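Residue numbers (our numbering): 7 to 258.
Following this line, the structure appears as structure tokens:
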């Protein structure tokens, strides 16, 4: 990536927001903490897994050979397909995940961004609607600037699709981070507040990503993702694994 201009780094503000893989690169270099937000469904799945005492190995998408090698190196069980009966990227498949499980979870968005943040120097957290306030509190405890990175989705050609649900999830995190927000972060906050007034379950079920999941038979996962601040799990990237970075209670 070409060097980002100083203006794009939002350095005048403590709470900053930028999208996708470039957002991680731009913000992780300047921020003490970075919060990756992928509501449908990586970070929601991670919240449920970590809340049950499991660990998640975030993996990049599209390289199964490397994923299998890394899972073996970390003694992590590879996630299955979303349509299968075992643990997968589907949040509802993790509700009975045994404590102590180490799950290798590839994702084209949140998982790829978390994997890209390994070694960045920032403290990295996985946030969603479910754990927005808990993750925000942990990031504030780090001290220094905080970058919030909504992951977005992918168009068929691989380009970034700005995803409403991730803007809303990022806004929920921003709401709990306090003042001194960049305009980018402020606008995400406004989207969250508007979505909360309309009803988060309704909004998530009717945006394009949610409609896609509902059409494929995964409406229960959308419902799980729409629950706001029901979890105290703090998934933090430690030694390459998303693990409990703070006190957690089992997710529901």
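We put the beta carbon where it would ideally sit given N, CA and C, even for glycine. None of the values given here were measured: they were computed from a predicted structure.
Whole-number beta carbon distance between residue j and residue i, since they are thought to touch under 8 Å
| i | j | result |
| --- | --- | --- |
| residue 133 | residue 141 | 4 Å |
| residue 120 | residue 43 | Not a contact, Cβ separation roughly 11 Å. |
| residue 123 | residue 243 | 6 Å |
| residue 188 | residue 19 | 4 Å |
| residue 82 | residue 109 | 6 Å |
| residue 227 | residue 113 | Not a contact, Cβ separation roughly 13 Å. |
| residue 236 | residue 153 | Rounded, the Cβ-Cβ distance is 25 Å, inconsistent with contact. |
| residue 61 | residue 247 | 5 Å |
| residue 32 | residue 15 | 6 Å |
| residue 240 | residue 21 | Contact doesn't hold; Cβ gap of about 18 Å is too wide. |
| residue 206 | residue 135 | 7 Å |
| residue 39 | residue 145 | 4 Å |
| residue 213 | residue 171 | 6 Å |
| residue 74 | residue 111 | Wrong, their Cβ atoms sit about 13 Å apart, outside the cutoff. |
Buried versus exposed call for residue i [16 or more other C-beta atoms within 10 Å across all chains shown]
| i | result |
| --- | --- |
| residue 254 | Low per-residue confidence applies at residue 254: pLDDT is 41, beneath 50, and the placement is therefore not dependable, though the value from the model is reported in the following sentence. When all chains shown are included, residue 254 counts as buried. |
| residue 78 | exposed |
| residue 24 | buried |
| residue 138 | buried |
| residue 155 | buried |
| residue 222 | exposed |
| residue 93 | buried |
| residue 3 | Outside the displayed range of the chain (7 to 258) lies residue 3, so it cannot be described from this structure. |
| residue 164 | exposed |
| residue 9 | exposed |
| residue 203 | exposed |
| residue 11 | exposed |
| residue 34 | buried |
| residue 208 | exposed |
| residue 238 | buried |
| residue 168 | exposed |
| residue 186 | exposed |
| residue 199 | exposed |
| residue 147 | exposed |
| residue 129 | buried |
| residue 87 | exposed |
| residue 251 | buried |
Three-state secondary structure (DSSP) of residue i
| i | result |
| --- | --- |
| residue 267 | This structure cannot speak to residue 267, because the chain is shown only from 7 to 258. |
| residue 108 | strand |
| residue 243 | strand |
| residue 156 | strand |
| residue 165 | coil |
| residue 128 | coil |
| residue 193 | helix |
| residue 219 | helix |
| residue 11 | coil |
| residue 176 | helix |
| residue 20 | coil |
| residue 101 | coil |
| residue 233 | coil |
| residue 182 | coil |
| residue 258 | Only weak support exists for where residue 258 lies, its pLDDT of 40 falling under 50; the coordinates are left without a value. |
Exercise for review: Tell me the start and end of each unbroken alpha helix (DSSP H) in the region 130-154 that is at least 4 residues and wholly inside, in chain order.
Suggested key: If we require 4 residues or more, the alpha helix (DSSP H) runs fully inside the region 130-154 come out as 138-148.
Review point. Pairing CB atoms from the region 48-65 with CB atoms from the region 160-168, are three or more of them under 8 Å?
Key: Counting Cβ pairs under 8 Å, fewer than three are found: no touch.
Check your understanding: Which runs of the alpha helix (DSSP H), 4 residues or longer, sit entirely within the region 22-96?
Key -> List check, alpha helix (DSSP H) in window: 26-34, 48-57, 70-79.
Review point. Does the pairing of the region 62-77 with the region 180-198 give three or more beta-carbon distances under 8 Å?
Key: Taking a cut-off of 8 Å for Cβ pairs, the region 62-77 and the region 180-198 do not touch, as fewer than three such pairs fall below it.
Check your understanding: Does the region 22-37 come close enough to the region 162-178 to have 3 or more Cβ pairs within less than 8 Å?
Key -> Yes, the region 22-37 touches the region 162-178.
Point to revise | the region 92-106 / the region 227-237 touching (three or more Cβ pairs under 8 Å) | key: Touching, yes.
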